[in-house]
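Have a look at the structure below, then the notes.
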Amino acid sequence: PDLIITYGMGNPETDVNRKISEAGIPIAISIDHLETSPLARANWIKFVAAFFEKGELADSIVNEIEKKYTDLKAMANPLSSAKSAPKPKVLTEIKLNDTWFVPGGKSFMAELLNDAGADYIWRDNEKTGSLTLSYEEVYLKALEADYWLNLSNWNSLKDCNAQDERNINFKAFKNKNLYNNNAILNKEGGNAYWETGLISPDEILADLIKIFHPDLLPEHKLKYYKKLN
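Its first residue numbered 685, the sequence shown is counted upward by one per residue in the working numbering.
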């Protein structure tokens, strides 16, 4: 290949990039995954476009994404004012073995939820990465959360119940407000949310607003998210 776009590797002993470079293949390092803003991630379209001399096209695409995102955010923002109804509380992710990894309060996901007019229950945390929590810590803080999102490979409420019988005590489960971001999968299990979704934050934001405040987008159909039944 003429070029491989890849990510930085943290461990020199397993640094595939060095071996690729030693083989004479040019590499370009992308760090879009370190961005904590949805729009900042979308701007990495320009990084790829530069290799094809398509800077103007990339600029126009990003400008359109930013406008749509900003308009959607403005639509949801009045809901956070003092005179508005309380924002819905949101829990994300699921337990993996005995640990629950949730996005920090300054993360990409936290910003998306805030922009969608939701109250992320760890919004006051200052981390941009993940928090490592026990099931009990999450249970105590999120038991009354209105919505539960980003549920790994779950496809039904039965999957939730099967993982841990305590899950049925969550308010979100009782009200059937579980939504997973795995609505579009290819035959190998690849998830479009982590592919096209990262350069389409406006579409993800529209999904979230539809979930939390359906009256604001009555004609919108969920794309990356699906409700679990």
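Quick reminder that beta carbons are idealized off the backbone N, C-alpha and C, glycines included. Predicted model, so just to flag it, every value in this text is computed and none were measured.
Going by Cα to Cα distance, which pick from A742, L827, E750 is closest to K773?
-> Counting from one through the sequence shown, the residue named residue 773 turns up at place 89. The candidate whose alpha carbon is nearest that of K773 is L827.
Which residues bound the alpha helix (DSSP H) around S705?
-> Along the sequence shown, read from residue 1 onward, the residue named residue 705 stands at position 21. Start and end: 700-706.
Might you give, ordered along the chain, the residues of its own chain that have their beta carbon closer than 6 angstroms to the beta carbon of K779, omitting 5 neighbours on each side?
-> Within the sequence shown, the letter at position 95 stands for residue 779. Excluding sequence neighbours, K779 sits near Y819.
What is the residue span of the alpha helix (DSSP H) that Y823 lies within?
-> Here residue 823 refers to the residue found at position 139 when the sequence shown is read from its first residue. Start and end: 819-826.
Cα-Cα separation, I883 to L815 | As a first step, residue 883 must be located in the sequence shown, where it is residue number 199. As a first step, residue 815 must be located in the sequence shown, where it is residue number 131. Roughly 25 angstroms between the two C-alpha positions.
If you count every other CB in all the chains shown that lies within 10 Å of the CB of Y753, and 16 or more means buried, which is it?
-> Locating residue 753 in the sequence shown gives position 69, where the first residue counts as 1. Buried.
Going by the CB atoms, is the gap between I709 and I689 shorter than 7 angstroms?
-> Mapped onto the sequence shown, residue 689 falls at position 5. Mapped onto the sequence shown, residue 709 falls at position 25. Contact flag unset, no.
Is the segment 831-845 touching the segment 776-795 in the sense that three or more CB pairs, one from each, lie closer than 8 angstroms?
-> yes
Would you say A802 faces chain D, with C-beta separation under 7 angstroms as the test?
-> In the structure shown, chain D cannot be found, because there is only a single protein chain.
Evaluate E849 with the Cβ neighbour count: other Cβ atoms within 10 Å of its Cβ, from every protein chain shown; 16 or more gives buried, anything less gives exposed.
-> Working through the sequence shown from its first residue, we reach residue 849 at position 165. The residue is exposed, with fewer than 16 neighbouring Cβ atoms inside 10 Å.
Could you give the residue range of the beta strand (DSSP E) that holds I689?
-> Within the sequence shown, residue 689 is the residue found at index 5, counting from 1. Run containing I689: 688-690, per the beta strand (DSSP E) assignment.
Three-state secondary structure assigned by DSSP to K855 | As a position in the sequence shown, residue 855 is number 171, starting the count at 1. Correct three-state label for K855: helix.
Helix, strand or coil for L835, going by three-state DSSP, please let me know.
-> The sequence position of residue 835 within the sequence shown is 151, counting from 1. L835 falls in the coil class under three-state DSSP.
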